[in-house]
Each structure stands twice: as C-alpha cells, then as structure tokens.
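Okay, so here's the structure we're looking at.
Shown next, in the form of structure tokens:
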C-alpha cells in the first residue's frame, strides 16, 4: 500500500467514525505495528540483532496484508468492508 492509499482509508474512517469505531481502532493498531517496523529497523541493523528483521519486515507489510485480507473476505461475502471504495 502506498502512503496515499493509507491516507485515503484513514480519511474514510474519520468521515464514517460513528458506524465503524472498531475498524478505526483496528487501523490504529495496524499503523502502530507499521511504525514499529520502521522504528525497529535501524537499531536491529546497528546492533546486529538479525532475529528482529523478519518482524520489522512484517511490520512494513502489515497495512498491505490487512487490506488484502479484508478484500479477500469481502469478495467471498464473509465480511463486509465499506472502506475498500477508498482504495
């Protein structure tokens, strides 16, 4: 996901906050993990703590993975995802 796409999803969630509170909180967690992935990379590299690099990579990819999962569940009819129109 690009930063513009993430921004569009966040903007959609803010506009529809009353009906989608749990989804907004889920995105807060997703973006926190994404930020931790970025923040954890320099110390991992500088301190040669290679075991943390896969977690940093997972943090980088978290918004894309979450959006892809929600899109798949929406297509199968298992979960309704209104913010997909923002992408």
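Residue numbers (our numbering): 334 to 420.
Heads up, the beta-carbon is just placed ideally off N, CA and C, and yes, glycines get one too.
Below 8 Å CB to CB, which residues in the same chain sit around residue 388 once its five sequence neighbours on both sides are set aside? Only 370, 373 meet the Cβ criterion.
Indicate the three-state DSSP secondary structure (helix, strand or coil) for residue 382 in the structure shown. Reduced to three states, the DSSP call for residue 382 is coil.
Do you know offhand how far residue 417's Cα is from residue 390's? Cα to Cα, the separation comes out at about 24 Å.
Kindly indicate the opening and closing residues of the alpha helix (DSSP H) around residue 347. From DSSP, the alpha helix (DSSP H) with residue 347 extends over 336 to 348.
Evaluate the contact criterion for the segment 394 to 413 versus the segment 378 to 386: three or more CB pairs, one atom per stretch, below 8 Å. As far as the Cβ criterion goes, the segment 394 to 413 does not touch the segment 378 to 386, which means the pair count is below three.
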